[in-house]
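Protein chains in written order, with the numbering used here: chain A, 1 to 318; chain B, 319 to 589.
One structure is given here, and the rest of the page talks about it.
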Amino acid sequence: MKRTAVSLFVWCAISAWAAAGYAKRGGGGAKQPAAEAAPAQTTDDKAAADAPAAEKPAADAAPAADDKDATPAESLDDDPTKGTKVDEGETAKPVKLTTTSWQDIVVVPRKPFLKTSRFEFAPFTGLSINDNLIRHYAFGADINFFLSDVFWIGVQGQYFVKAFTDREDLIGLQYNRIPTLNRYLYGAAFNLGYVPVYGKFALINKAIIPWEIYASGGIGWTRSEVIPRNPSDLGWTNDLLTANVAVGSRFFLFDWLTVNFAFRDYIMADKFEPTDRMPGQDLAAVKSNADSKLVQNVMFYAGVGMYLPARFQYKSPR
Amino acid sequence: MQKRLAFLIVAISVFALPLAAQAQHKSPLADAPAIRKRLELRSTRLELGVGGATTIGQDFYHTAFVDVKVGFHITDWLSIAAFGGFAVANLDTGFKDSVVGSLDTTQPAQPTRAPTRDEATGSMNKIQQMLGAQLEVTPFTGKYSLFGKLFAHYDFYAFLGPGFLNYAATTASVPSCTANGTVAAPPAQPASCAVTGLKLGVNAGVGAHSFINQFLALNFELRDIIAPNNAAGRDVNGDRRVDNNDLSYGNTFVASLNLVLYFPTTADISN
């Protein structure tokens, strides 16, 4: 009899433990819609709001919870019997299963990617888009340091490869003319950047990906090379002070990786082969007689951004 | 025997019951959509838009259009649309100015292969209209904030369909190109002709809506109409005659910005 009683006690204890564990995990069916409703409403209405306020989630949660349409900010365990499976057997009584309250549910999620005090190493490839006659492909990298989540300073270096377009090929055939062209060889710049636009998008309503649009500008150097119209003539290189402005975007994939796109316009006063160059003319004289013209080289870039440190920590409590 | 059986039952219970309880656990958000209570700003709505467009990177003329668009969104992510662009201005490019400016106004006494300025300009063609239809897929939808103050819904989409470009010669008196041109004996140059009329091509690109409210949005599109053309109206393949054999498929990039209205004026909200 005594043994039977002990066995019965052990059995009851195990059953109660299992039931409590199940209930704590949110296994109750009746509570589920309410649990979903809280993040659902605010995801749509407040989703973008977490952009500027991402680092103060605790403060954000309260006003969101105060929203009239949001689930009331009451304690989850105000009515402990509601929706929890604790009524197994007649001996089960309402028990306090959790200390979680609605205040603990962060309805405005944290900004999922922080950049402050991190380095971005961003290799890229680019393509010139505004020249009818010569196309430049660029290969290079940006190294940026983020002073805050929206402001950075950085350096850029790139190497250019040229290709002539079909139109350049046809100029001689159709108009009996040889175009005056320069090619770019290298470039380097010191840049500043600012992020005015931050957003998220849902990929067919299955995954949410944050992204941002930035503006950037800087000053640097470009080396160009004159392509002589007569192949037997000598060309020369020019070192050019270059200003640049850009708009671009980053798509945040992981804690350490982004995919980047940008349009950047390089503005410089390039020096071209003079149209009156005579065969065999002294190169120094030709250079001194070079035609200077303000030119714009608009490039489209695609690349990735790798961040160091690879991880980041939120400074404020959740 | 009974004692062993009781211990066996207890032992199995100790391990099996918690595991069973754990196995039943499933996140209440599993299989849930990324966004609930979402404004379905596109689903089963009609879209009407009007605005402007311009070509990008053309050789001889920048064309500015008045642009109109009508579309119907079958679902929140799939729609069909038609558009039309009607040229209001054709502006000379810097490249055209450079080329034409380097030519003589009249043929010199010893003729060269170079045309005169009028000959070169007359056979260059301009876009008069662009027309097309497109199937649009909108996989990306979301919200963005501007300076953390201004919030707006937006979407990105890609589209594909047929496109038409209607060309006209700069100088109306220049004859249109035919199937077989006349071969010019050297040193004479083949007479130029203009590529005119409606040319069928492929229309593809990307676009975005930025919603001002539930029924009004800005619509940006960047399209490429890949259609046969010979913009200069001069010999391309080097056979010393200018005809339709000189046509080749080229890119015509067009950026457009429309203000669009949606009907019905209120959007549904998802579950």
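Every residue, glycine too, gets a C-beta built ideally from N, C-alpha and C.
Keep in mind that this is a model prediction, so the values were computed, not measured.
Asked, Found
"Quick check: the Cα distance between residue 190 (chain A) and residue 513 (chain B), rounded to an integer number of angstroms?", "47 Å"
"With C-beta atoms as the reference, is residue 227 (chain A) less than 7 Å away from residue 181 (chain A)?", "yes"
"Relative to the alpha-carbon of residue 306 (chain A), which residue among A:278, A:268 and A:250 has its alpha-carbon at the smallest distance?", "A:250"
"Check the Cβ of residue 196 (chain A) against every Cβ in chain B and list those closer than 8 Å, keeping chain order.", "464 and 465"
"Considering only their Cβ atoms, is the gap separating residue 365 (chain B) from residue 394 (chain B) smaller than 7 Å?", "no"
"Check whether chain B comes within 7 Å of residue 250 (chain A), counting only Cβ atoms and requiring the distance to be less than that.", "no"
"Only counting the same chain, and skipping five residues up and downstream in sequence, which positions put a Cβ closer than 7 Å to that of residue 569 (chain B)?", "542 and 544"
"Applying the 10 Å Cβ sphere with the 16-neighbour rule, what's the burial state of residue 291 (chain A)?", "exposed"
"Within the continuous alpha helix (DSSP H) that includes residue 419 (chain B), where are the two ends?", "412–419"
"If you follow the beta strand (DSSP E) that residue 193 (chain A) is in, where does it begin and where does it stop?", "181–203"
"With distances taken between CB atoms, is the gap from residue 238 (chain A) to residue 271 (chain A) smaller than 7 Å?", "yes"
"Shortest alpha-carbon distance to residue 114 (chain A) belongs to which of A:254, A:232 and A:160?", "A:254"
"Under 9 Å Cβ-Cβ, which residues of chain A neighbour residue 528 (chain B)?", "Within 9 Å Cβ-Cβ: nothing; residue 528 (chain B) doesn't reach chain A, min ~10 Å."
"Verify whether the separation of the beta carbon atoms of residue 496 (chain B) and residue 561 (chain B) is less than 7 Å.", "yes"
"If we cut at 7 Å on Cβ distances, does residue 481 (chain B) have a partner in chain A?", "no"
"Using CA coordinates, which residue listed in B:501, B:518 and B:516 is at the minimum distance from residue 510 (chain B)?", "B:501"
"What does residue 174 (chain A) touch in chain B if you count any residue whose Cβ is under 7 Å from its own?", "550, 552 and 553"
"For the beta strand (DSSP E) that residue 492 (chain B) lies in, which residues bound it at each end?", "Note, residue 492 (chain B): premise wrong, no beta strand (DSSP E); not H, not E."
"If you draw a straight line from the C-alpha of residue 148 (chain A) to the C-alpha of residue 199 (chain A), how long is it?", "17 Å"
"For residue 459 (chain B), which residues in the same chain have their Cβ closer than 6 Å to its Cβ, ignoring the five residues on either side in sequence?", "473"
"For the beta strand (DSSP E) that contains residue 111 (chain A), what are its first and last residues?", "Counting along the chain, residue 111 (chain A) falls outside any beta strand (DSSP E), and DSSP gives it neither H nor E."
"Reducing DSSP to helix, strand and coil, say where residue 168 (chain A) ends up.", "helix"
"Quick one: give me the first and last residue of the alpha helix (DSSP H) that residue 217 (chain A) is part of.", "Here residue 217 (chain A) belongs to no alpha helix (DSSP H); instead the beta strand (DSSP E) covers 207–227."
"Taking its Cβ as the centre, do 16 or more other Cβ atoms sit within 10 Å of residue 216 (chain A), making it buried, or is it exposed?", "buried"
"If you draw a straight line from the alpha carbon of residue 516 (chain B) to that of residue 447 (chain B), how long is it in whole angstroms?", "9 Å"
"For a test of the three-state rule: what should DSSP assign to residue 244 (chain A), helix, strand or coil?", "strand"
"How about residue 331 (chain A): is its C-beta nearer than 7 Å to some C-beta of chain B?", "Any answer about residue 331 (chain A) is impossible in this case: the structure gives chain A only from 1 up to 318."
"Going by DSSP, what residues sit across from residue 365 (chain B) in a beta bridge?", "B:389 and B:580"
"For the alpha helix (DSSP H) containing residue 437 (chain B), list its first residue and its last residue.", "435–440"
"Among A:156, A:246, A:174 and A:278, which has the Cα closest to the Cα of residue 120 (chain A)?", "A:156"
"Strictly under 7 Å for the Cβ-Cβ distance: is residue 24 (chain A) near chain B by that measure?", "In this predicted model, residue 24 (chain A) has a pLDDT of only 45, less than 50, meaning its place in the structure is not dependable; the value taken from the coordinates is given anyway. It does not: the Cβ of residue 24 (chain A) has no partner Cβ on chain B nearer than 7 Å."
"For residue 235 (chain A), which residues from the same chain have a beta carbon less than 8 Å from its beta carbon, with the 5 sequence-adjacent residues on both sides left out?", "225, 226, 227, 228 and 273"
"Assign residue 377 (chain B) to one of two classes, buried (16 or more other C-beta atoms within 10 Å of its C-beta) or exposed (fewer than that).", "buried"
"By DSSP, does residue 130 (chain A) sit in helix, in strand, or in coil?", "coil"
"Could you please give the first and the last residue of the uninterrupted alpha helix (DSSP H) stretch that includes residue 288 (chain A)?", "283–288"
"Per DSSP, residue 270 (chain A) forms a beta bridge with which residues?", "A:293"
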